[in-house]
Amino acid sequence: MDHRPQAWGRPRDDVYGAYDHSYFQNTGPRQATQAPIVTGTSVIAIKYKDGVVMAADNLASYGSLARFPDVKRLRVFLDSSVIGFSGDVSDMQFLDRHLTELSIDEAYEDPSSDNKGHLNAANLHKYLQKFLYKRRNDFDPLWNQLLIAGFDGDAKPYLASVDLRGTSFTSPSLATGFGSALAQPIMRRYAATEEDAAKLTREQAVEVVKECMKVLYYRDARSLDRYSIAVVTKEGVELKEDEQLEKQSWAFAERIKGYGTQTV
Amino acid sequence: MAAMFSQNPLMNGPNYSFNDAPRTAAPEGARQHRFDPYTDNGGSTLAIAGADFTIMAGDTRLTSGYSINSRYHPKLFKIGGTTADQKDATIVLSVVGFAADGEALKERLDAICKMYRYRHGKPMSVKACAQRLSTILYQKRFFPYYVYAILGGLDEEGKGAVYSYDPVGSYEREQCRAGGAAASLIMPFLDNQVNFKNQYEPGSGVGHALQERERKPLTRSEGEILVKDAFDGAVERHIEVGDGLQMMVITKDGIEEILLPLKKD
Amino acid sequence: MFRNNYDNDSVTFSPQGRIFQVEYAAEAVKQGSVVVGIASKTHAVLVAIKRNAEELSSYQKKLFPIDEHVGIAIAGLTSDARVLSNFMKQQCLGHRLTYGRNMPVRTLVDMIGSKAQINTQHYGKRPYGVGLLVAGVDDHGPHLFEFQPSGMTEEMVAFAIGARSQMARTYLEKNLEAFADCGREELIRHGLKALKESLVQDRELTIDNTSVAIVGVEKQEDGTTKPQPFKVYDGQDVSAWIESVADNAEAAPAAAEGDGMDVDS
Amino acid sequence: MTSIGTGYDLANSIFSPDGRNFQVEYAVKAVENGSTSIGIRCKDGIVLAAEKVITSKLLKQGANKRIATVDRHLGIVYSGMIPDGRHFVDRARDEARGWRDNWKTPITTKDLASRMGGYMQAYTLYQSVRPFGITAIIGGYDSELETPVDGEVGSGPSVGAGGKVAGKKHGGPFLYMVEPSGLYWGYYGAATGKGRQAAKAELEKLDLSSDGESSLTLEQAVKEAARIIYVAHDDNKDKEFELEMTWISGADGPTKGRHMEVPEALRKEAEKYAERMTAKDVEEEEETKDSGDKMEE
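Residue numbers (the UniProt record's numbering), protein chains in the order written: chain A, 1 to 264; chain B, 1 to 265; chain C, 1 to 265; chain D, 1 to 297.
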């Protein structure tokens, strides 16, 4: 009689013979390391007086093909933080499911519905940083760069980034992918330092983010003119997921060789 | 030194003139995209041991390739305090190189020092902590923490103590050490200004009879000025260093933190 | 009746549906010297009577810090307490490394609750022979939990376990309403008075046999709250408190500031 | 009782000559010593209630929750040995998580009951473990909406999820009760613990199964649950108790599919109703006692 609980429910060796382990292929190279297939482009975010504004377009590209035009890449966590995903969409979905289970576990610990004491953005960022760093150490990375926006333990606006190697950092404004080259210089004109960011009003912050989304649409060949934008305040998260890029002007393109009639 | 790990392929590795740089011949079969677990986040650190103090310093810029990720990402960490604000910490660790490994290394050493204090009822000495850090680094000898670590504190006699490391744990106690991207710029400056190398008493003799300048320990204020000058020089000539200078001065009364601005270009 | 057949191991129910090994383990808690815990809106306090084996021997430590925001008072087998305390320390450290916050006290207590429950359901394992009072602070404010060998854990306003702890509980029940708004000092005095109720007639509180621990949040002038890390006081540090609750001290000014508590015993 | 002294009742998994596992039966005794728990399944939701006997005045009021949430849409209340119950809840949460990992949807109440029944039963097969000293009531509301799978992105084809029979309603409230032997049944009303007999009698009076006009709404069920706990408390009326109640409604109900504690205002209202109703019973008893003096105390 095998009393060990881990032996329960397994076919008995004395009846069926010992388990044939050759089915497990434990030699040969590890095939886990992957490459991004369906990808999301930049996520941008900026802190302001009362919170953080974050935006990302709704495109999931399959290489150069604009394959899925309404994939929402901003996710709300426990009604208090927002996570923006760029990079591999399948890993984003895995992380999304994992965050669902994390929020369920978090609710177990704190049955009182005042949801004080839940994970804030700073806690979530540290968790995700360790999670991605572990996957990097196993050479089986989640091929993403995430922006986490919300509030920290002292109820101050919090914005941080973490990527597939577990590298993480905070800044008054952040952007992933193309955005770090195109959008950051623009956002840094308004939020160069924490003090500058603390002077921005909500309208200004939203305006800057929309402006950057337009610049990215002009210059990033894997971007889309429909996007999601989230504003995180102490009261919670306001998320709009079907915004259309307005006030576009392609006049500058006239001067670019190959666009329209210009051939020289 | 920084060129060894620069993002820019041309700058990566020892620098040959263009035409005789070795071609990276493709090994048998096409070279597959492999996940590179490392990246270089730039930045530079510095530590000077004084008679009864130790100054740890590091810039606060974090880069990857040619873009600045953050202008304020501390490289200095207080280690082994009983509370989250590390008020009663006695040791400072500085890390530079690959930031994720740096963060992981700091968290591991801090956890180990906290457990030591829990088990032994007293804080870890800097000597013991230094040796422990060496074993932590060597445990990952074949998948290293890509970090140049420097540990600072006061030794049993209250004198300043600086221990510097290579990424896989070989370490040595020194008077001063610069690490990271601009180490090659700062270290010679320190040799000359802290250890007075190549400095001679003027007119004290001819040829070999020339007297070397007498070495006397640095005062704290001299040290702080020296550190600021060292970083100003480094910022001028190295793109990965700048934005802010974070200093921690360890004395028997505790650890004082100083933040100074650096050029943001 | 028939108790001897059903009390050999912790996997046998008696006809009345009782597990005697768990009940005997609860008796082991009563072998330990008494400890008292009280929680108010702003603080949680633990006080303990320490015992020494003989006159010249040292006193058994009863209060242990687990993390900066939580600590325990033990009664019963100290070796079992050590195992649980180490486990709690690792969990708190791991939680802080993973989330960067104080581990919610209830989460921590539930963990040792489920650990203890396993030992009451598997052959060859025995229940822990120690009871704990866990005092801590988290986002919900101060808490006091009681842990029993059965794995039962409950949140209390105040509680006492150990030898003759019933007398201390009676004192606590009488003064229950006053605890919520008590400040630091009052809370400690209530704790010490409860302890005295459980002392055998000739024994009294001394700086050798009394231990006090306090954790809480202090309201600052500017309205923010500053956490006060868990701290244990022994020896000379507790003498002032002991005097303030000494029997003749009732009239002394120290206790006069409006305690207004009529001790009817 | 052929058990005591024959030695068949000393170890788990041992059958006595008349085919009984006495350790399981003794475990049921432990449940019957515990305070009462009940569950009610009405047409638009689930109510779970627990009579938490106050063992010490020093307990912090309202801080020690007995009814646990599993996933988001399931609640579990239990009577008997509380630590065993917490172990049971921890396992139920692991099962719910395993289901989500595997199927990317929340577990249905039926599947959770089945898995937990199997888990409890496993503890009656070996001498190396003892049975659970609890009986657990599992209530849940399986979503009636067409929810996307976890992590789903994009809107997918507009034709909607293929293969579903048109017009078929799925989901709804479900109630199960699992005993130490691992046996479980589906219920409209379930009760366990010391006051289970009185509670069952009251539950049977309610109209829970018909979909007609008279069948109970969720708010009424909350009030009835409070009353039934007050009635059941009669068995250990020398001790004070704290009433804890939770409920689960559909997506358009007050809890939007989630298991949560009944709001304080509603709970207080239910308790006043319960006190009024149980007080009236006592008066009736006095009247008959005074007039005929037939009823012996």
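Where a beta carbon is used, it is the ideal one built from N, C-alpha and C, also for glycine. These numbers come from a predicted model, not from an experiment.
> residue 272 of chain B versus chain C: which residues are under 7 Å apart at the beta carbon?
Replying inline: This structure cannot speak to residue 272 of chain B, because chain B is shown only from 1 to 265.
> For the beta strand (DSSP E) that D:C42 lies in, which residues bound it at each end?
Replying inline: 37-42
>> Taking the straight line between their C-alpha atoms, what separation do you get for A:A35 and A:S86?
In response: 14 Å
> Going along chain C in order, which residues have a C-beta closer than 7 Å to the C-beta of B:T83?
Replying inline: E68, P229
> By the 10 Å Cβ neighbour count, where 16 or more other Cβ atoms means buried, how is B:T135 classified, buried or exposed?
Replying inline: exposed
> Under a Cβ-count criterion, where at least 16 other Cβ atoms within 10 Å of its own Cβ denotes burial, should B:A26 be classed as buried or exposed?
Replying inline: At B:A26 the pLDDT is 49, less than 50, meaning the model places this residue with poor confidence; the figure from the coordinates comes in the next sentence. Counting Cβ neighbours within 10 Å, B:A26 comes out exposed, since fewer than 16 surround it.
> Looking at the C-beta of D:R97, does it have a partner C-beta in chain C at a distance below 7 Å?
Replying inline: no
>> Can you confirm whether A:E194, when its beta carbon is compared against all beta carbons of chain C, has any partner nearer than 7 Å?
In response: no
>> Taking the alpha carbon of A:A230 as the reference point, which residue from A:R73, A:S249, A:R188, A:N120 has its own alpha carbon closest?
In response: A:R73
> At a Cβ cut of 8 Å, what residues of the segment 136-169 of chain A count as close to chain C, listed as they run along the chain?
Replying inline: G153
> Any idea if A:N58 is buried or exposed, counting beta-carbon neighbours within 10 angstroms, 16 or more meaning buried?
Replying inline: buried
>> According to DSSP, simplified to helix, strand and coil, what is A:W250?
In response: coil
> Could you give the distance in angstroms between the alpha-carbon of A:L164 and the alpha-carbon of C:R82?
Replying inline: 40 Å
> In its own chain, which residues sit with a C-beta less than 6 Å from the C-beta of D:R66, not counting the 5 before and 5 after it?
Replying inline: A50, K52, E244
>> So A:Y217 and A:L174 are supposed to be a Cβ contact under 8 Å. How far apart are they, rounded?
In response: Going by Cβ atoms, the distance from A:Y217 to A:L174 rounds to 19 Å, so no, they are not a contact pair.
>> At the level of alpha carbons, what is the spacing between D:I229 and D:I138?
In response: 17 Å
> Which residues in the same chain as C:C120 place their Cβ atom closer than 7 Å to its Cβ, once the five residues preceding and following it in sequence are excluded?
Replying inline: The question names Cys, but residue 120 of chain C is Thr in the sequence shown. Once the five neighbours on either side are set aside, the close Cβ partners of C:T120 are S10, I19, V22, P127, S150, G151.
> Less than 7 Å separating the beta-carbons of B:G153 and B:T82?
Replying inline: no
>> Check for me: the alpha helix (DSSP H) holding A:R188 runs from which residue to which?
In response: 178-190
> Buried or exposed: B:E236, going by 16 or more other Cβ atoms within 10 Å of its Cβ?
Replying inline: exposed
> Whose Cβ in chain D lies nearer than 8 Å to the Cβ of C:A158?
Replying inline: L58
> So does the segment 117-130 of chain D actually touch the segment 6-18 of chain D, counting three or more Cβ pairs closer than 8 Å?
Replying inline: yes
> Which one of B:D101, B:D229, B:R213, B:S184 has the shortest CA to CA distance from B:P167?
Replying inline: B:D101
> Among the residues of its own chain, which have a CB less than 8 Å from the CB of B:Q175, if the five just before and after it don't count?
Replying inline: I48, A49, V162, V194, N195
>> Are the CB atoms of C:P104 and A:E109 within a distance shorter than 7 Å?
In response: yes
> Does the beta-carbon distance from D:Y176 to D:G189 come in below 7 Å?
Replying inline: no
>> As a quick exercise: from A:T233, A:V232, A:C212, A:V237, pick the residue whose alpha carbon is nearest that of A:D225.
In response: A:C212
>> Here's a check: name, in chain order, each residue in its chain whose Cβ is nearer than 6 Å to the Cβ of C:V36, leaving out the five neighbours to either side.
In response: V47, A160, A168, G191, A194, L195
>> I need the DSSP call for A:G40, collapsed to helix, strand or coil.
In response: strand
>> Using CA atoms only, rank isn't needed, just tell me which of D:L183, D:D9, D:G172 is closest to D:A136.
In response: D:L183
> chain D beta carbons: is any one of them nearer than 7 Å to that of A:T176?
Replying inline: no
> Taking the C-alpha atoms as reference points, what is the distance between B:K122 and B:M115?
Replying inline: 10 Å
> Candidates A:G177, A:V215, A:L200, A:K49: which alpha carbon is nearest A:I186's?
Replying inline: A:V215
>> Taking a contact to mean a Cβ-Cβ separation below 7 Å, would you say C:A158 touches C:K30 in this structure?
In response: no
> Nearest chain D C-beta to C:F145 closer than 7 Å, yes or no?
Replying inline: no
>> Can you tell me whether D:E261 is buried or exposed? The criterion is at least 16 other CB atoms within 10 Å of its CB, across all chains shown.
In response: buried
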